[in-house]
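The structure appears below as C-alpha cells.
2 protein chains.
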Amino acid sequence: MISILLVDDHPMLRQGVAQLIELEEELSVVGQAGDGLEAIKLAELLDPDMILLDLNMEGMGGLETLAVMRSKGITSSILVFTVSDDHDDVIGSLRAGADGYLLKDSEPEELLAAIKRAGQGQQVFSPQLAQIMAQALRKPASQKVDLLAQLTPRELEILRLLGNGRANKEIGRQLIIAESTVKVHVKNLLKKLSLRSRLEAGLWAVENNILSEE
Amino acid sequence: MISILLVDDHPMLRQGVAQLIELEEELSVVGQAGDGLEAIKLAELLDPDMILLDLNMEGMGGLETLAVMRSKGITSSILVFTVSDDHDDVIGSLRAGADGYLLKDSEPEELLAAIKRAGQGQQVFSPQLAQIMAQALRKPASQKVDLLAQLTPRELEILRLLGNGRANKEIGRQLIIAESTVKVHVKNLLKKLSLRSRLEAGLWAVENNILSEE
DNA sequence: TTGAATCTACTACTTAAGTGGTAGTTTCTG
DNA sequence: CAGAAACTACCACTTAAGTAGTAGATTCAA
Chain A
1 MISILLVDDH
11 PMLRQGVAQL
21 IELEEELSVV
31 GQAGDGLEAI
41 KLAELLDPDM
51 ILLDLNMEGM
61 GGLETLAVMR
71 SKGITSSILV
81 FTVSDDHDDV
91 IGSLRAGADG
101 YLLKDSEPEE
111 LLAAIKRAGQ
121 GQQVFSPQLA
131 QIMAQALRKP
141 ASQKVDLLAQ
151 LTPRELEILR
161 LLGNGRANKE
171 IGRQLIIAES
181 TVKVHVKNLL
191 KKLSLRSRLE
201 AGLWAVENNI
211 LSEE
Chain B
1001 MISILLVDDH
1011 PMLRQGVAQL
1021 IELEEELSVV
1031 GQAGDGLEAI
1041 KLAELLDPDM
1051 ILLDLNMEGM
1061 GGLETLAVMR
1071 SKGITSSILV
1081 FTVSDDHDDV
1091 IGSLRAGADG
1101 YLLKDSEPEE
1111 LLAAIKRAGQ
1121 GQQVFSPQLA
1131 QIMAQALRKP
1141 ASQKVDLLAQ
1151 LTPRELEILR
1161 LLGNGRANKE
1171 IGRQLIIAES
1181 TVKVHVKNLL
1191 KKLSLRSRLE
1201 AGLWAVENNI
1211 LSEE
C-alpha cells in the first residue's frame, strides 16, 4: 500500500486525482494540501510514501516547497505533477530533489502507472520531457542563472528598469545617482550578459522573468 | 435536469469535474471533449444545456472554439472555465458570446452553484473578475488592436524587428533599405503608439505578442 | 591591514537614436 | 486623372547611448 500526499492549489484537480487514485487498491491518498506551507506541515506529520506536487501555486511556489521539504529531511518520493514543461521548471525540480516529473495532460492511466513505478523507487518522467532533459545534459548549468549571478545588485536593479523601458536619465532620477553612473552600470551589465544595447537588455530581462522576481 | 458538455484538454481535470457534477441530481455530464473540433462536433450532436469550456487548449484555442460554436448557431449556455484571469481572455470570451467565466481555482461548491445559476439563464462570474470587467467597461475597445491597425505593414515589420532587439542599421540591411529610412519608420511608429524610444517599442511588441503573430 | 569588489562620478569621445522637413515613386481609389 | 497613403531617401540637427579610462569611498573577507 502506497500512501500519497496531494499538493495542488486547485481543489477540483485534487478531487479528480484523489478519486482516480482511490480506484487502485494498492494506492491511498492520506492527505491533501492547497499550498506549500500546508504541504510541508502534512509531509512531516504524515510521512507519506509519495508526494504529488504541483509547481504553480500561490504563495510559496512548488519548487521552493520541494527544496524546503528536502532540506527538512523528508525522504518521501516526490513527484512533480504540473502543467509546465518549462525547461527551468523541469531542471530546477530535479536539482531540488524531485523523483519524477509528470505533465498534467497525461492520461489517467499514465499517472497511475507512473505512481506505481515511482513507488518501486524508479524515477518517472512524461515522455514529452525527453528532449528537454537531453538538452539540459549538454549544458550542465542553466546559463541564465550563471549570468545573473555575475551581476551586482545594482546592475540587476538597473536591468529590471531597462525591462520597464526606462532611459538612463530616468533611472538616475529614480535611484538618485548620476546619469553618468547609470551609464557605467549599463555598460558593465551589457558586457556581462554579452548584449549589444539596452534594447537587447530590456528584452533579455523580460524573457528571463527578471521583472517579476520582486 | 441540466445536461453538460465538458471541454478541456486535461483528461484528469475532466474526470474530477465530471465526478463532482454527477454528485448533483439535477446535473448530468452528457459528453466530454479534449479539443476544440471535437467540442464543436459534440455540441452540435448533443445540443447540451450547458458547455463548460477551457480556454487553454492545444490546436484550436478556447476562444476560437467559442466563436465558431456561436457562429454555428449553438445556443447552449457556455461557461468559460479556465485558469486564466487575463484581461483579454475575459473580455474576449464575453464578446465571443460566453455566458459566464469561472476560474479553475474556485471551490467545488462555487462551481456547482455557478452551473445551477447559469442553468437558470443567469450570467455567472468568479468574484475575482469584478475589477477586470469594471476596468474594461471604461475603455470599450482593446486599445492594442486599434493602435496596431494604425501601423502600416512596413512599420509593423520593423516593430517586430525591434522586438527582436535589432538596431537601425541591422534592420536596414535585412529589409534592404537605407538606415535613414528605417529611422523614418521608427519615428512614425513611435508616434503612433505614443512611445518614447525603441526600447519601449521593443517591449511593447513583446507584451502584445506582435512577434508570434506570423 | 591589504586587496578585491562595488558603487559612485567625472571627462572625453564615438556612435546610435530620434526629430523635422523636403521630396520623388508607386499604388490604389474615387 | 487627382489625391491619398505608403515607401523610399536625404540633410541637418539635437539628444541619448555606449566606450574608455581615472579615481575616491565603502565594505568585506583573508
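Protein sequences appear in the order of chains A and B. No gaps in the numbering here: position 104 of the first sequence is 104 in the numbering used here, and each next residue is one more. Adding 1000 to a residue's 1-based position in the second sequence gives its number in the numbering used here. No residue lacks a Cβ here, since even glycine has one placed at the ideal position from N, Cα and C.
- [ ] Could you have a look at S76 (chain A) and say whether DSSP puts it in helix, strand or coil?
- [x] Position 76 of the first sequence holds residue 76 (chain A). If DSSP states are grouped into helix, strand and coil, S76 (chain A) belongs with coil.
Open item on the list: Please state the DSSP three-state secondary structure of Q1150 (chain B).
Closed with: As a working mapping, residue 1150 (chain B) is identified with position 150 in the second sequence. Secondary structure at Q1150 (chain B): helix, using DSSP grouped into helix, strand and coil.
TODO: Can you tell me which of the three DSSP states Q32 (chain A) falls into?
DONE: Numbered from its first residue, the first sequence carries residue 32 (chain A) at position 32. The answer is strand: DSSP assigns Q32 (chain A) an E or B state.
Open item on the list: Check whether the stretch 1040-1054 of chain B and the stretch 1003-1014 of chain B are in contact - that is, three or more C-beta pairs closer than 8 Å.
Closed with: Per the Cβ contact rule, the stretch 1040-1054 of chain B is in contact with the stretch 1003-1014 of chain B (3 or more Cβ pairs under 8 Å).
Task: L103 (chain A) - containing beta strand (DSSP E), residue span - done: Translated into positions along the first sequence, residue 103 (chain A) becomes position 103. 100-103 is the span of the beta strand (DSSP E), which, as asked, contains L103 (chain A).
- [ ] Could you tell me the distance, in whole angstroms, from the CA atom of S1142 (chain B) to the CA atom of R196 (chain A)?
- [x] Taking the first residue of the second sequence as position 1, residue 1142 (chain B) is located at position 142. Taking the first residue of the first sequence as position 1, residue 196 (chain A) is located at position 196. Here S1142 (chain B) scores only 45 on pLDDT, less than 50, and its place in the model is too uncertain to base an answer on.
- [ ] Tell me, please, whether the CB atom of D47 (chain A) is closer than 8 Å to any CB atom in chain B?
- [x] Looking up residue 47 (chain A) in the first sequence gives position 47. With its beta carbon at least 8 Å from every one in chain B, D47 (chain A) lies outside the interface.
Open item on the list: With a threshold of 8 Å between beta-carbons, can H1010 (chain B) be considered close to chain A, or not?
Closed with: The count along the second sequence starts at 1 and reaches residue 1010 (chain B) at position 10. Yes - at least one Cβ of chain A is within 8 Å of the one on H1010 (chain B).
- [ ] Measuring only between beta-carbons, confirm whether E179 (chain A) sits less than 8 Å from chain B.
- [x] Your numbering for residue 179 (chain A) matches position 179 in the first sequence. Put simply, the CB of E179 (chain A) is far from chain B, with every gap to its CB atoms at 8 Å or more.
- [ ] Enumerate in chain order the residues of its own chain whose CB-to-CB distance from I158 (chain A) is below 7 Å, with the five nearest sequence positions on each side excluded.
- [x] Numbered from 1 along the first sequence, position 158 holds the residue referred to as residue 158 (chain A). These residues qualify, in order along the chain: I171, V182, H185, V186, L189.
TODO: Please state if the CB of E1179 (chain B) and the CB of K1191 (chain B) are separated by a distance shorter than 8 Å.
DONE: Position 191 of the second sequence holds residue 1191 (chain B). Position 179 of the second sequence holds residue 1179 (chain B). Going by C-beta atoms, K1191 (chain B) is not nearer than 8 Å to E1179 (chain B).
Task: Rounded distance between the beta-carbons of I210 (chain A) and G165 (chain A), thought under 8 Å - done: Position 165 of the first sequence holds residue 165 (chain A). Position 210 of the first sequence holds residue 210 (chain A). By a beta-carbon distance limit of 8 Å, G165 (chain A) does not contact I210 (chain A). Their separation comes to about 14 Å.
- [ ] Specify the secondary structure class of I176 (chain A) as computed by DSSP and reduced to three states.
- [x] Here residue 176 (chain A) is taken as the residue at index 176 of the first sequence, counted from 1. Reduced to three states, the DSSP call for I176 (chain A) is coil.
TODO: May I have the straight-line CA-CA distance separating E1110 (chain B) from D1086 (chain B), to the nearest angstrom?
DONE: Residue numbering aside, residue 1110 (chain B) sits at position 110 when the second sequence is read from its first letter. Residue numbering aside, residue 1086 (chain B) sits at position 86 when the second sequence is read from its first letter. For E1110 (chain B) and D1086 (chain B), the distance between alpha carbons rounds to 20 Å.
- [ ] Consult DSSP for R138 (chain A) and reduce its assignment to one of helix, strand or coil.
- [x] Along the first sequence, one-based indexing puts residue 138 (chain A) at 138. Model confidence at R138 (chain A) stands at a pLDDT of 38, short of 50, so the residue's coordinates are unreliable; what they give is reported in the following sentence. Looking at R138 (chain A) - three-state DSSP - the assignment turns out to be helix.
Task: V1068 (chain B) in three-state terms, based on DSSP - done: On the second sequence, position 68 is the one that residue 1068 (chain B) refers to. Helix.
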